[in-house]
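Undergrad: Input: one structure, supplied below.
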Amino acid sequence: MDTDMQRRLIEAVAGAVIERADELTALDQAIGDGDHGLNMRRGFEAVLAQIDGLAGAPLPDALRTVGTTMVMKVGGASGPLYGTLFLTLGKELPAAPTRDDIVRAFGAAIAAVKKIGRSEVGQKTMLDVLAPAHDELALGGDGPCGRVGQRAAAAAEATVPMKAIKGRASFLGERSIGHMDPGARSSALMIAAICQVLEGTT
Amino acid sequence: MTNVGIVIVSHSPKVAEGAADMVRQMVGDSVPLAWTGGNPDGGLGTDVAGILRAIERAWSDAGVAILVDLGGAESNSEMAIEMLDAARRDKVVVCEAPVVEGAVMAATEASGGATLEAVQRTAEELSPT
Chain X
709 MDTDMQRRLI
719 EAVAGAVIER
729 ADELTALDQA
739 IGDGDHGLNM
749 RRGFEAVLAQ
759 IDGLAGAPLP
769 DALRTVGTTM
779 VMKVGGASGP
789 LYGTLFLTLG
799 KELPAAPTRD
809 DIVRAFGAAI
819 AAVKKIGRSE
829 VGQKTMLDVL
839 APAHDELALG
849 GDGPCGRVGQ
859 RAAAAAEATV
869 PMKAIKGRAS
879 FLGERSIGHM
889 DPGARSSALM
899 IAAICQVLEG
909 TT
Chain Z
2 MTNVGIVIVS
12 HSPKVAEGAA
22 DMVRQMVGDS
32 VPLAWTGGNP
42 DGGLGTDVAG
52 ILRAIERAWS
62 DAGVAILVDL
72 GGAESNSEMA
82 IEMLDAARRD
92 KVVVCEAPVV
102 EGAVMAATEA
112 SGGATLEAVQ
122 RTAEELSPT
């Protein structure tokens with residue numbers, strides 16, 4: 709992947725989360741411990757501080773560095789979860805991935821997140837966005853992203869009526885119903901940012 | 002030190018330190034003990050680098066049992082274990098137990114020279130099933 713594209717993708721993903729940090733924190737205040745936006749912002753600011761090195765590195769190395777940075781800097785459960793997602797993508801993707809490579813690596817990354825979170829789809833987590841986005845990507849469709857961005861956004865909305873089974877939100881039981889999951893929202897923001905760059909709409 | 006070491010990981014440095022004080026009162030210096038709490042900025046949360054340092058401080062060749070409070074403490078502790086050298090990785094466990102009671106019970110068990118497996122089992126007997 710060329711340096712400029714890699715830079716734009718990393719900046720877009722980090723920027724999308726940093727810009728919406730207050731919204732993510734507000735979602736997390738409703739059903740969690742209220743630190744998701746702050747934690748993710750800390751992680752992605754640490755990523756942006758390394759942007760020149762990341763943009764110039766081979767894609768797998770850049771992804772692994774992003775993963776390690778998230779693990780070390782986030783400070784909440786989302787650190788290991790998003791860290792594992794990026795570390796696994798870095799481990800599975802070649803330097804110049806095809807669409808098939810991305811589908812396979814994304815699937816492996818989702819499996820790794822399930823393992824470290826001991827979670828499955830349907831428990832009101834980031835997996836409820838990542839899994840349908842992966843399904844959509846595997847379907848193909850027009851352009852680099854097909855309908856992946858729309859599917860991810862709809863999947864985040866679909867966590868609103870769900871009851872949380874995992875994480876701090878599960879302590880609330882029925883009271884977690886009626887709020888969007890903050891991890892689902894942050895996943896959808898990142899996917900939308902990637903699609904916008906790939907489709908040249910930003 | 003031949004006794005199993007104990008690491009306490011809480012979102013709050015005060016909780017972690019307080020739990021460690023209670024462990025010390027119970028077992029004195031017979032067990033390697035370390036605590037860590039707070040995110041990398043010092044707010045409430047947990048920090049993988051801090052957990053790695055705590056494992057180092059409480060290291061025992063008999064192993065280290067980690068007691069955690071809530072979700073992020075557990076997943077960040079598991080992440081820290083994965084980042085250890087292969088030779089050490091298999092000698093560190095996260096106990097599924099209440100952090101304060103678990104730490105005191107685990108340390109009491111460890112102070113008698115129990116194996117890592119026995120220390121973990123004793124702590125986890127406190128968990129509701």
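Protein sequences appear in the order of chains X and Z. Residues in the first sequence are numbered consecutively from 709, following the numbering used here. Residues in the second sequence are numbered consecutively from 2, following the numbering used here. Just so you know, even glycine gets a beta-carbon here, dropped at the ideal spot from N, CA and C.
Give the residues from the segment 46-69 of chain Z that approach chain X closer than 8 angstroms (Cβ to any Cβ), ordered along the chain.
TA: Correct list: Gly46, Thr47, Asp48, Val49, Ala50.
Undergrad: Express the C-alpha separation of valine 65 of chain Z and glutamate 907 of chain X in angstroms, rounding to a whole number.
TA: Distance between the alpha carbons of glutamate 907 of chain X and valine 65 of chain Z: 50 angstroms.
Undergrad: For histidine 887 of chain X and arginine 25 of chain Z, I'd like the C-alpha separation in whole angstroms.
TA: Cα to Cα, histidine 887 of chain X sits roughly 43 angstroms from arginine 25 of chain Z.
Undergrad: Between the segment 785-793 of chain X and the segment 817-828 of chain X, do at least 3 Cβ pairs fall closer than 8 angstroms?
TA: Result yes; three or more Cβ-Cβ pairs closer than 8 angstroms.
Undergrad: To the nearest angstrom, how far is it from the Cα of glutamate 882 of chain X to the Cα of proline 802 of chain X?
TA: Computed Cα separation, rounded: 43 angstroms.
Undergrad: Could one say the Cβ of valine 779 of chain X lies closer than 7 angstroms to chain A's Cβ atoms, at least one of them?
TA: Any reference to chain A falls outside this structure, whose protein chains are X and Z.
Undergrad: Rank X/Pro869, X/Ile902, X/Met870 by C-alpha distance to the C-alpha of valine 856 of chain X and give the top, closest one.
TA: Here the closest residue by C-alpha is X/Ile902.
Undergrad: Mind checking which residues open and close the alpha helix (DSSP H) that includes leucine 919 of chain X?
TA: Residue coverage of chain X in this structure runs from 709 to 910, which leaves residue 919 of chain X outside it and unanswerable.
Undergrad: In the segment 877-904 of chain X, which residue ranges form an unbroken alpha helix (DSSP H) of at least 4 residues, counting only runs that do not cross its ends?
TA: Whole alpha helix (DSSP H) segments, 4+ residues: zero.
Undergrad: Do alanine 88 of chain Z and valine 49 of chain Z have their CB atoms nearer than 7 angstroms?
TA: In this structure, valine 49 of chain Z does not lie closer than 7 angstroms to alanine 88 of chain Z by Cβ.
Undergrad: Would you mind stating whether methionine 778 of chain X and glycine 764 of chain X have Cβ atoms separated by less than 7 angstroms?
TA: Not a contact, by the Cβ cut-off of 7 angstroms.
Undergrad: Since alanine 66 of chain Z sits in a beta bridge, which residues does DSSP pair it with?
TA: In the DSSP output, where bridge partners are listed per residue, alanine 66 of chain Z has Z/Ile7, Z/Val94.
Undergrad: Looking at the unbroken beta strand (DSSP E) that takes in threonine 37 of chain Z, where does it start and where does it end?
TA: 34-38 is the extent of the beta strand (DSSP E) around threonine 37 of chain Z.
Undergrad: Determine whether the Cβ of methionine 80 of chain Z lies closer than 7 angstroms to any Cβ atom of chain X.
TA: Closer than 7 angstroms: yes.
Undergrad: Count the other C-beta atoms from every protein chain shown that fall within 10 angstroms of the C-beta of valine 69 of chain Z, then say buried if there are 16 or more, exposed otherwise.
TA: Buried: at least 16 other Cβ atoms inside 10 Å.
Undergrad: Output, in chain order, the set of chain X residues within a Cβ distance shorter than 7 angstroms of leucine 34 of chain Z.
TA: The premise fails here: leucine 34 of chain Z is roughly 23 angstroms from chain X at the closest Cβ pair, so nothing lies under 7 angstroms.
Undergrad: Please name the residues in the segment 864-882 of chain X whose beta-carbon is closer than 7 angstroms to at least one beta-carbon of chain Z, in chain order.
TA: The residues in question are Gly875, Arg876.
Undergrad: How about alanine 892 of chain X and glycine 73 of chain Z: do their beta carbons lie closer than 7 angstroms?
TA: Contact: no.
Undergrad: Just tell me which of X/Gly825, X/Gly775, X/Lys822 has its CA closest to the CA of serine 756 of chain X.
TA: In the sequence as presented, serine is not what sits at residue 756 of chain X; that position holds leucine. It is X/Gly775 whose Cα lies nearest to the Cα of leucine 756 of chain X.
Undergrad: What first and last residue would you give for the alpha helix (DSSP H) that runs through isoleucine 873 of chain X?
TA: Element bounds for isoleucine 873 of chain X: n/a, residue is neither H nor E.
Undergrad: Taking the alpha-carbon positions, what's the arginine 807 of chain X to alanine 720 of chain X distance?
TA: Cα to Cα, arginine 807 of chain X sits roughly 20 angstroms from alanine 720 of chain X.
Undergrad: So the alpha helix (DSSP H) proline 805 of chain X belongs to, where does it begin and stop?
TA: From DSSP, proline 805 of chain X is part of no alpha helix (DSSP H); its letter is neither H nor E.
Undergrad: What would DSSP say about alanine 866 of chain X, mapped onto helix, strand or coil?
TA: Reduced to three states, the DSSP call for alanine 866 of chain X is coil.
Undergrad: If we call anything under 7 angstroms between Cβ atoms a contact, is isoleucine 718 of chain X one with leucine 762 of chain X?
TA: It is a contact, given that the beta carbons lie within the stated cut-off.
Undergrad: In chain order, what residues of the segment 815-829 of chain X put their CB closer than 8 angstroms to some CB of chain Z?
TA: Result list: Ile824, Gly825.
Undergrad: Check whether chain Z comes within 7 angstroms of glycine 742 of chain X, counting only Cβ atoms and requiring the distance to be less than that.
TA: Cβ-Cβ to chain Z under 7 angstroms: no for glycine 742 of chain X.
Undergrad: Please work out which residues of its chain come closer than 6 angstroms, Cβ to Cβ, to alanine 937 of chain X, disregarding the five sequence neighbours upstream and downstream, and give them in chain order.
TA: A query on residue 937 of chain X cannot be resolved here, the shown segment of chain X reaching from 709 to 910 and no further.
Undergrad: How would you call serine 895 of chain X, buried or exposed, if buried means at least 16 neighbouring beta carbons within 10 angstroms?
TA: Classification of serine 895 of chain X: buried, given that the 10 Å Cβ count is 16 or more.
Undergrad: So leucine 771 of chain X contacts chain Z; which residues on that side make the cut at Cβ distance below 7 angstroms?
TA: What leucine 771 of chain X touches in chain Z: nothing, since even the nearest Cβ is about 17 angstroms away.
Undergrad: Buried or exposed, going by whether 16 or more other CB atoms sit within 10 Å of the CB of serine 112 of chain Z?
TA: By the neighbour-count rule (16 or more Cβ atoms within 10 Å), serine 112 of chain Z is buried.
Undergrad: Can the beta-carbon of proline 129 of chain Z be found closer than 7 angstroms to that of lysine 781 of chain X?
TA: No, these two residues do not count as a Cβ contact at 7 angstroms.
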